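Protein chains: 2
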Amino acid sequence: MAPATRNRTTSQTEQIREHVLITADRLYYSRGINAVGMDALRNEAGVSLKRLYQLFPSKENLVEAVLHRRRGIWNSLVETAIATGSDIPRDQLLAVYDMLAHWFDEDDFRGCVFINTFGELGGTAPHIAALIRDHKANFQARLAELVTQTGAPAALAHQLAILAEGAQTTAAIAGTNDAAHHARAAATTLIDTALATNRPQAPTTG
Amino acid sequence: MAPATRNRTTSQTEQIREHVLITADRLYYSRGINAVGMDALRNEAGVSLKRLYQLFPSKENLVEAVLHRRRGIWNSLVETAIATGSDIPRDQLLAVYDMLAHWFDEDDFRGCVFINTFGELGGTAPHIAALIRDHKANFQARLAELVTQTGAPAALAHQLAILAEGAQTTAAIAGTNDAAHHARAAATTLIDTALATNRPQAPTTG
DNA sequence: CAAAAGTGAGAACGTTCGTTCTCGCTTGCG
DNA sequence: CGCAAGCGAGAACGAACGTTCTCACTTTTG
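Residue numbers (this note's numbering), protein chains in the order written: chain A, 620 to 825; chain B, 620 to 825.
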């Protein structure tokens with residue numbers, strides 16, 4: 620019952636679990652999910668099949684865990700982008716596109732995991748499709764919070780989200796990170812236009 | 620050697636080929652490519668495996684043919700949208716988003732075939748990835764032509780393309796066609812802003 | 001009509017899939 | 001020490017994959 624030992628054991632299992640998730644994420648992301656068998660993952664992660672199935676009772680369960688982990692990473696990236704730098708909502712929104720530009724520059728960048736997975740499994744795995752839908756709705760809701768803070772109409776959030784999604788797929792397919800800069804420029808125009816037209820030229824008393 | 624018979628035979632082969640392509644497209648689009656085996660396609664299309672492999676020497680070849688056919692359909696939709704209605708480049712650009720709105724309304728809409736296929740196969744099938752990249756570049760180039768006609772700077776074409784891509788993935792994942800309208804509104808703002816700022820308030824002679 | 005070529009239905013091939021099982025070996029604990 | 005439990009390595013399972021082959025039957029053709 621020594622708590623130290625108990626904790627160490629738990630933490631080791633957690634470490635292996637994390638290692639498996641990282642490896643699965645890398646393989647799925649680079650090759651697609653169906654193209655990566657449990658054997659390939661076993662070899663790459665250096666973990667026995669028994670332990671694999673002990674950590675994740677099925678491949679679908681593992682895929683969900685990978686997506687769940689990615690969601691956390693994405694949210695961290697977004698929050699870091701928002702929290703770092705300016706505290707003006709307009710600039711915080713733009714910081715999201717700067718974050719995208721850095722991400723697109725990574726060597727193994729191949730688009731958004733959620734979009735890729737939706738295309739591959741969305742038609743046959745409703746639970747995974749729902750998870751992806753939820754994640755995207757979450758991101759849109761976060762943008763909507765910031766848009767509200769700017770005082771612009773809520774529709775702007777949808778437009779900004781579409782730009783972010785489009786930048787990810789465009790960058791992935793084209794193989795360049797130009798899309799992030801184009802999306803940022805477009806977002807700037809949309810935000811500033813929304814702010815300008817929302818504040819009527821002849822100010823009314825309030 | 621009767622030319623009529625020869626032609627009829629050829630045309631019948633073409634009909635079967637087209638029927639196979641339509642069936643494969645439907646199955647691949649709804650379930651993903653890896654999830655649809657040649658047996659399932661054989662059953663669904665009512666064509667023998669022998670004829671299937673006589674028409675398409677391999678599954679990858681078939682996938683390429685499906686994408687090639689979709690590219691033609693997409694180009695037709697774009698050109699019809701551009702040709703129908705206004706002949707003002709600005710409105711022709713916006714007509715593309717109206718076309719998207721109609722497309723998103725289809726019952727079996729599940730996003731852009733090219734984006735979905737890139738996510739699933741782009742990492743392992745370079746030839747297919749290149750085909751997809753080429754198709755997207757083509758679409759961007761078409762937008763660029765129209766943008767040039769408006770007199771707006773070329774960067775606008777990239778922004779509009781990103782909006783179109785983002786609308787497709789957003790509509791697919793969310794399961795609504797709202798994204799098309801949001802993208803259209805954003806496109807309107809971007810185009811009009813580009814046109815306004817490109818024509819300086821104090822007109823120069825030209 | 002007879003011979004040759006082509007066809008559809010589906011069995012069969014070898015491989016790979018997701019998952020489970022076997023079997024020595026280690027390990028923790030009385 | 002002895003024993004139960006858990007482990008890694010990998011064999012094994014049934015199913016499904018892409019592809020090829022068999023074979024009885026049409027169709028074409030001289």
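By construction, the Cβ of each residue, glycine as well, lies at the ideal position given by its N, Cα and C atoms. Note that this is a predicted model, so its numbers are computed, not measured.
| task | Quick one: using the 10 Å Cβ neighbour count with 16 as the cut-off for buried, is A/H777 buried or exposed? | result | buried
| task | Can you grab the Cα-Cα spacing for the pair B/F728 / B/W722, in whole Å? | result | 7 Å
| message | At the level of alpha carbons, what is the spacing between A/T807 and B/G656? | response | 46 Å
| Inter-residue spacing [alpha-carbon to alpha-carbon] between A/M620 and A/S630 | At A/M620, the pLDDT of 37 sits below 50, so the modelled position is not reliable; the number obtained from the coordinates is stated separately. Taking the straight line from one Cα to the other gives about 15 Å.
| request: Could you name each continuous alpha helix (DSSP H) segment of 4 residues or more that falls completely within the region 622-705 of chain B, going from the start of the chain to the end? | output: 622-650, 657-664, 668-674, 678-702
| query | Any beta-carbon of chain B closer than 9 Å to the one on A/I641? | reply | no
| Buried or exposed: which applies to A/G794, given that a residue is buried once 16 or more other Cβ atoms fall within 10 Å of its Cβ? | exposed
| query | Would you call A/K669 buried or exposed, if buried means 16 or more other Cβ atoms sit within 10 Å of its Cβ? | reply | exposed
| Excluding sequence positions up to five away, which residues of its chain have a Cβ less than 6 Å from the Cβ of B/G757? | The question names Gly, yet the displayed sequence has Asn at residue 757 of chain B. Correct list: empty, nothing qualifies.
| query | If you measure from the beta carbon of B/G738 to each beta carbon in chain A, is any gap under 9 Å? | reply | yes
| Going by beta carbon distance, what residues of the same chain come within less than 7 Å of B/V685, once the five residues before and after it are set aside? | L640, A643, D644, Y647
| Mind listing which residues of the region 773-785 of chain A have their C-beta closer than 8 Å to chain B's C-betas, in chain order? | A774, H777, Q778, A780, I781, L782, A783, E784, G785
| request: Measure how close the beta-carbons of A/G738 and B/N735 come, nearest whole angstrom, since I'm counting them as under 8 Å. | output: 3 Å
| Can you list, in chain order, the residues of its chain whose CB lies under 7 Å from that of A/R636, leaving out five sequence neighbours each side? | L674
| said: Counting C-beta neighbours from all protein chains within 10 Å, is the total for A/H687 16 or more, i.e. buried, or is it exposed? | reply: exposed
| message | Just to confirm my understanding: we take B/A771, look at its own chain, exclude 5 residues before and 5 after, and list those with CB closer than 7 Å. What are they? | response | I810, A813, L814, N817
| message | Quick check on B/G730: does DSSP put it in helix, strand or coil? | response | coil
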